[in-house]
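Just below is one structure, and these are the notes that go with it.
Chains as they are written, first to last, in this note's numbering: chain A, 649 to 1047; chain B, 24 to 103.
The following block contains the structure:
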C-alpha cells in the first residue's frame, strides 16, 4: 500500500487534515519511508508525550552524529549543537526540571498584560483598520515586541531578533537543507553574541526584567551555567515568536470566517473557551518529535530503542474518538482537553503568554469594532511543522 | 541521468561504507541504511556537482537511486 504520509506535498502542507485522517483511520502508528513513526491518534499521542521511555533531543543527537560523520564539511557546526543542547525543550530529566524551575522562578507574569497592551497601542495606531494585513502589522511583531520587553532588551532590537528567530525556527522543519543549517549556525552566533552583550549590560545596570532576574538567580545557583542561561534566553525568544504569530493569524481568520468574532466574546469565559477551541481546531505547532529510549510497545506495535517518533498534534486534536464533531469549530466546546501545547513534563511553559497576547488583542478589537471582513483569502506559509499565515488582509469597521 | 545515478551510487557507497557495485539502484534509501542526515549531505553534493537546486523533500518522495535520478533528469530537462 502506498504511504499516505506525504508531508512534502503542497496540498498536504496547506491542508494536512485529510492526510491525518487517512493515517488515523488506516495506520495510526505508521512507519514512514524516512524511517520515523507517525502518530495520529489522540490517546497514542498523549501516552507517548507522558511516557518517560521517550526522550527529547532527537535533532540534537542527529546533529551530533552528523558532525562526527561529516567532519570535513561540518567545520564549526558544533556551535548549533551546543546551543540547542542547552535549550529547555531538548533537555531530559533530571536537569530538565532544574532548568525549568530556574526559568519559572525568575518569570514574573504580573507586568506582562501591561507590556502587551502598550505594544498593542503602538501597533493598532499604525494600521488603517479598513484595509490592513494582520500578519506583518500585528501577528508577527506583537510576540517579538513582547518577548523583547519581557527580557528587558531595547525595544528597537525586536525586528533584528525576529529575523534571527525565523532562521532558527527552521530547526523544526521536517527536511532540512545544508543551506538552512548554515543559516542556523550564523543566527546562533549572532544570537549568542547579542545576548552576551545584553547580559553584560544587565550586570552593570540590573533592572526588573527577566534577563536581569535570571542573571541574579544564577549567582546563587549552581544548576545553570552562563552559556545555558544565554542559550535559553534565545530559546524563549524563538519558541514564543512564530507559534504566537500563528495563533493570532489562524485564530482571527477562523473566527471571522465562522462569523464568531462577535460581542459574545466580551464575556471572559466565552472568550477563554473560544481561544482553547481555536488552539485545538488548527494548532500552531503541528509536529513534535520524540525518540524511544528502549523498546516500547504501543497498541501492539513495537517501537525499537532509538526510533524517532513524530507526533502529529494537529491530527490528535481532531481525533473523533476524543472530540465530538472534531472537524468543526465549536467555540463553546467543553471539556476541551486538546494537546496543542503538548503534554507531560515538556508541556509548553509559555502557553499563558501566547494566550494572553491573543486574548488582549481580541478584547481590543471587539471593543473598537463590530464588522470584520476578510478582504481576500490568506496566503499560507508553506511549512507543516508550524502552521501559520504569511498574509491576511482584513477590514474592521466601527461601531 | 546515468551521470546523476552513478554519482549518487558512489556517494551512497562512501556514506554507508560499502562498494558501489554492491548497491542496488532500486532499493529504497532507508533500507540501504540512509537517514535524513545523509539526505542533507547527499543533496548538497549533487547540487554542487551538477549545479542544480534540489527540493529536500524529493529524497523521500523518490526514495531509490533510479527514481530519484529520473526525477532530477526530468526537472533539468523541463528547465532547459
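Think of the CB as a built atom: it goes at the ideal place given N, C-alpha and C, for glycine as much as any other residue.
Subject >> Given residue 44 of chain B as reference, the closest of B/32, B/52, B/53 once Cα atoms are compared >> reply: Comparing Cα positions, the closest option is B/32.
Original post:
From the DSSP output, which residues share a beta bridge with residue 678 of chain A?
Top reply: DSSP links residue 678 of chain A through a beta bridge to A/686.
Subject >> chain B contacts made by the region 921-946 of chain A, where a contact means CB separation under 8 Å >> reply: Cβ contacts with chain B come from no residue of the region 921-946 of chain A.
**OP:** Taking residue 693 of chain A and residue 964 of chain A to be in contact with their CB atoms under 8 Å, please state how far apart those CB atoms are, rounded to whole angstroms.
**Re:** Residue 693 of chain A to residue 964 of chain A, Cβ: 4 Å. Contact.
Subject >> Cutoff 6 Å; reference residue 1089 of chain A; Cβ partners in own chain excluding five residues on either side >> reply: Residue 1089 of chain A lies beyond the residue range present for chain A, which begins at 649 and ends at 1047; the question has no answer from this structure.
Subject >> Under 7 Å from the C-beta of residue 79 of chain B: neighbouring residues of chain A >> reply: Against chain A, a Cβ distance below 7 Å from residue 79 of chain B picks out 823, 824, 825.
Original post:
Is the number of C-beta pairs between the region 77-85 of chain B and the region 652-666 of chain A that are closer than 8 Å three or more?
Top reply: With a cut-off of 8 Å on Cβ pairs, the region 77-85 of chain B is in contact with the region 652-666 of chain A, counting three or more such pairs.
**OP:** List the residues of chain A whose Cβ lies closer than 8 Å to the Cβ of residue 48 of chain B, in chain order.
**Re:** Those within 8 Å of residue 48 of chain B in chain A number zero; the least Cβ separation is about 17 Å.
Original post:
Alpha carbon to alpha carbon, how far is residue 1034 of chain A from residue 961 of chain A?
Top reply: Rounded to the nearest whole angstrom, the C-alpha separation of residue 1034 of chain A and residue 961 of chain A is 11 Å.
Original post:
Which first and last residues belong to the alpha helix (DSSP H) in which residue 881 of chain A is found?
Top reply: Note, residue 881 of chain A: alpha helix (DSSP H), 874-905.
**OP:** Grab me the residues of residue 891 of chain A's own chain with a C-beta within less than 7 Å of its C-beta, minus the 5 sequence neighbours each way, in chain order.
**Re:** Closer than 7 Å at the Cβ level, and outside the excluded window around residue 891 of chain A, lie 932, 933, 1002, 1034.
**OP:** Please state if the CB of residue 938 of chain A and the CB of residue 957 of chain A are separated by a distance shorter than 8 Å.
**Re:** Yes, Cβ-Cβ distance for residue 957 of chain A and residue 938 of chain A is below 8 Å.
**OP:** Determine whether the Cβ of residue 656 of chain A lies closer than 8 Å to any Cβ atom of chain B.
**Re:** Taking 8 Å as the threshold, the shortest C-beta distance from residue 656 of chain A to chain B falls below it.
Original post:
So which residues of chain A does residue 53 of chain B contact, with C-beta pairs closer than 9 Å?
Top reply: Ordered by position in chain A, the residues that pass the 9 Å Cβ test against residue 53 of chain B are 680, 681, 682, 683.
Subject >> Under 8 Å (Cβ pairs) to chain C, residues found in the region 78-98 of chain B >> reply: Protein chains A and B are contained in the structure displayed, whereas chain C is not.
Subject >> Sequence-distant residues of its chain with Cβ nearer than 6 Å to residue 795 of chain A (five each side left out) >> reply: So the list reads 885, 888, once near-sequence residues are dropped.
**OP:** Put residue 704 of chain A into one of helix, strand or coil per three-state DSSP.
**Re:** Residue 704 of chain A carries a coil assignment under DSSP once its states are collapsed to helix, strand and coil.
**OP:** Report yes if the C-beta distance between residue 779 of chain A and residue 1043 of chain A is below 8 Å; otherwise report no.
**Re:** Yes, the pair counts as a contact, with Cβ atoms nearer than the cut-off.
Subject >> Within-8 Å CB hit, residue 59 of chain B to chain A >> reply: It does: the Cβ of residue 59 of chain B has a partner Cβ on chain A nearer than 8 Å.
**OP:** Could you tell me whether the Cβ of residue 39 of chain B comes closer than 8 Å to any Cβ of chain A?
**Re:** The Cβ of residue 39 of chain B sits no closer than 8 Å to any Cβ of chain A.
Original post:
Among the residues of its own chain, which have a CB less than 7 Å from the CB of residue 50 of chain B, if the five just before and after it don't count?
Top reply: Cβ contact annotation for residue 50 of chain B (same chain, cutoff 7 Å, sequence separation greater than five): 87, in chain order.
**OP:** From the DSSP output, in three-state form, read off residue 1026 of chain A for me.
**Re:** In this structure, residue 1026 of chain A counts as strand in the three-state DSSP scheme.
Original post:
What are the uninterrupted segments assigned as alpha helix (DSSP H) that are 4 or more residues long and contained completely in the region 711-787 of chain A, given in chain order?
Top reply: The alpha helix (DSSP H) runs of length 4 or more contained entirely in the region 711-787 of chain A are, from start to end of the chain, 719-722, 726-734, 743-754, 760-773.
Subject >> CB of residue 1014 of chain A within 8 Å of CB of residue 858 of chain A, strictly >> reply: Not in contact: residue 1014 of chain A and residue 858 of chain A (Cβ atoms no closer than 8 Å).
Original post:
Rounded C-beta distance between residue 979 of chain A and residue 1025 of chain A? I'm assuming under 8 Å.
Top reply: A Cβ-Cβ separation of about 21 Å leaves residue 979 of chain A out of contact with residue 1025 of chain A under the 8 Å criterion.
Original post:
Per DSSP, what kind of secondary structure is residue 861 of chain A in: helix, strand or coil?
Top reply: Note: residue 861 of chain A maps to helix in three-state DSSP.
**OP:** Take residue 866 of chain A and list the residues in its own chain whose beta-carbon comes closer than 7 Å to its own, dropping the five residues that flank it on each side.
**Re:** Closer than 7 Å at Cβ, skipping near neighbours: 872, 874, 877.
Original post:
Among the residues of its own chain, which have a CB less than 7 Å from the CB of residue 30 of chain B, if the five just before and after it don't count?
Top reply: Excluding residues up to 5 positions away in sequence, 69, 72 lie with their Cβ nearer than 7 Å to the Cβ of residue 30 of chain B in the same chain.
Original post:
Would you call the CB atoms of residue 882 of chain A and residue 826 of chain A closer than 8 Å?
Top reply: Taking the C-beta atoms as reference points, residue 826 of chain A is found no nearer than 8 Å to residue 882 of chain A.
Original post:
Is residue 663 of chain A helix, strand or coil when you go by DSSP?
Top reply: Residue 663 of chain A: coil per DSSP, three-state reduction.
**OP:** Within the same chain, show all residues whose beta-carbon is closer than 7 Å to that of residue 677 of chain A, passing over the 5 residues directly before and after it, in chain order.
**Re:** The beta carbon of residue 677 of chain A sits closer than 7 Å to those of 685, 687, 692, 946, 947, 949, all from its chain and outside the five residues before and after it, given in chain order.
Original post:
If you draw a straight line from the C-alpha of residue 53 of chain B to the C-alpha of residue 810 of chain A, how long is it?
Top reply: If you take the alpha carbons of residue 53 of chain B and residue 810 of chain A, they lie about 36 Å apart.
Subject >> Same chain, Cβ closer than 6 Å to residue 786 of chain A, neighbours up to 5 away in sequence not counted >> reply: Here the set comprises 771.
**OP:** Kindly indicate if chain A contains any beta-carbon less than 8 Å away from that of residue 63 of chain B.
**Re:** At least one CB atom of chain A sits nearer than 8 Å to the CB of residue 63 of chain B.
Original post:
Taking Cβ-Cβ distances shorter than 8 Å, what residues in chain A pair up with residue 66 of chain B?
Top reply: Contact note: residue 66 of chain B reaches chain A through 825, 826, using a C-beta cutoff of 8 Å and chain order.
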